[in-house]
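Numbering (this note's numbering), first residue to last: 1 to 468.
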């Protein structure tokens, strides 16, 4: 938790941006795995509630009455039975004081607050819920059916939250740097363990365990697979095989809930084959190109398409693609190899604020998403960069058998793609290199004091020197 002054300042700024009405920010509740007495999934607080109220306990709601300048923390104190099983915790009143909130009340009070506001025709601002228990709570309080809550959520509140959370303060950057330090240890652990004969699940389990051993948690379920062509290929009991590539996409989340998100692709044998090195070098060049052109005022969509043009040029050099590069990218031919966006916002969520709808987070009135074109419709970020933004830089090249078959059969982009040559890569897999990037005053830089090896020679040398 940051100092209470941080949360007081954030709530004051939120009130200025939203201007009037009553803001209700729901914290998350515990989620039972199968039956409450058998245990719960690991608790993760709602990020926006954390941003403004900073408290990790389940079953809390923050209420901000803008017009009357009253802030209230709503929640029930635990009973003696809970104390017996789980130990004592601070009272809701004491929790409120820790973040500079002067009022607290039991959960039953929330219905009274909502009824009073609705009777006076006051605007009640809430964010679109993403958990079903909160959707039911909103239904009980406001009478809005869960199917309508996304449309009825407050756009004024959404815009205010996005504006504030998009630009990271110095203390947030320091927390992201802490996550990056743990992320470094996670990925270098994977490089030490990768070799023929071990299972994907074993490596992934060790990688995830690093996060927990440093008092953190994983920022998302660890992705580790020899099938790198699957964007989110979760680990299986498959044994790593000589000659294959292993892709590891993993990150840490600190105790203050700030994330890291990196991807590395490594040769199971410890050495890249010539074919693997050719494709890897293209991804490496695209990754570094993004760092060269990203800076305040530049549209992230322009960075994305600049990377796509570079990638397509290199694919032409390998004989996998053909034709005019500009026209090919306009037609979406690059998505045969790169069917996703270059990156996304990152912060307290690894895909930051996506619960507020990516069109509100990664785009604005100037830059709108293209939801029709395959691949381009997966671009999560397009708006102009600003100092203090944190984005991921994650180009990749993937050879996806089902996509190759589909496009070849339909003739899609046939004027730009050499399908016969592409088919010889069907068993290749995929390569992605991902780092977290802070936009600075005149450019951008990596987060993290130590660089996870990603240049091919560095990867090979690290793996050779650190076999466990």
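For each residue, glycine too, the CB sits at the ideal point set by N, CA and C.
Could you round the C-beta distance between residue i and residue j to whole angstroms and report it? I think they count as a contact, below 8 Å.
i           : j           : result
residue 184 : residue 347 : The pair is not a contact, with the Cβ atoms about 19 Å apart (cut-off 8 Å).
residue 385 : residue 298 : 6 Å
residue 123 : residue 21  : 3 Å
residue 27  : residue 59  : 7 Å
residue 252 : residue 211 : 4 Å
residue 92  : residue 77  : 6 Å
residue 162 : residue 360 : 6 Å
residue 279 : residue 397 : 5 Å
residue 136 : residue 48  : Not confirmed; about 19 Å, so no contact.
residue 311 : residue 338 : 6 Å
residue 456 : residue 277 : 6 Å
residue 237 : residue 201 : 6 Å
residue 363 : residue 329 : Actually they are not in contact, since the Cβ atoms of residue 363 and residue 329 sit about 19 Å apart, beyond 8 Å.
Select from the options the residue whose C-alpha is nearest the C-alpha of residue i.
i           : options               : result
residue 417 : 437, 339, 109 and 315 : 315
residue 394 : 186, 102 and 291      : 291
residue 245 : 107, 260 and 228      : 228
residue 29  : 56, 5 and 13          : 56
residue 301 : 345, 318, 275 and 266 : 345
residue 96  : 64, 237 and 117       : 64
residue 149 : 156, 160, 134 and 159 : 134
residue 421 : 332, 450 and 319      : 319
residue 355 : 159, 104 and 429      : 159
residue 343 : 326, 375 and 313      : 375
residue 462 : 105, 84 and 187       : 187
residue 82  : 147, 352, 453 and 37  : 37
residue 39  : 31, 46 and 45         : 31
residue 75  : 88, 35, 68 and 94     : 94
residue 399 : 130, 230, 17 and 84   : 230
Quick one: what does DSSP say residue i is sitting in, helix, strand or coil?
i           : result
residue 388 : coil
residue 431 : strand
residue 209 : helix
residue 102 : coil
residue 445 : strand
residue 217 : strand
residue 245 : strand
residue 438 : strand
residue 378 : helix
residue 40  : strand
residue 345 : strand
residue 324 : coil
residue 77  : coil
residue 55  : coil
residue 463 : helix
residue 202 : helix
residue 266 : strand
residue 396 : strand
Is residue i buried or exposed, if buried means 16 or more other CB atoms sit within 10 Å of its CB?
i           : result
residue 321 : buried
residue 273 : exposed
residue 349 : buried
residue 15  : buried
residue 407 : buried
residue 41  : exposed
residue 165 : buried
residue 170 : exposed
residue 382 : buried
residue 335 : buried
residue 430 : buried
residue 411 : exposed
Who are the near neighbours of residue i in its chain, counting only those whose CB is closer than 6 Å to its CB and skipping five residues on each side?
i           : result
residue 340 : 378
residue 180 : 260, 447 and 448
residue 323 : 415 and 416
residue 117 : 22 and 124
residue 152 : 144
Leaving aside the five residues before and after residue i along the sequence, list all residues of the same chain whose C-beta is less than 8 Å from its C-beta, in chain order.
i           : result
residue 241 : 196, 226 and 268
residue 249 : 222, 223, 224, 232, 261, 262, 263, 432 and 434
residue 439 : 294, 295, 296, 385, 386, 387, 388, 389, 390 and 391
Only counting the same chain, and skipping five residues up and downstream in sequence, which positions put a Cβ closer than 7 Å to that of residue i?
i           : result
residue 401 : 426
residue 178 : 254
residue 52  : 7, 10, 11, 14, 25 and 62
residue 175 : 254, 256 and 258
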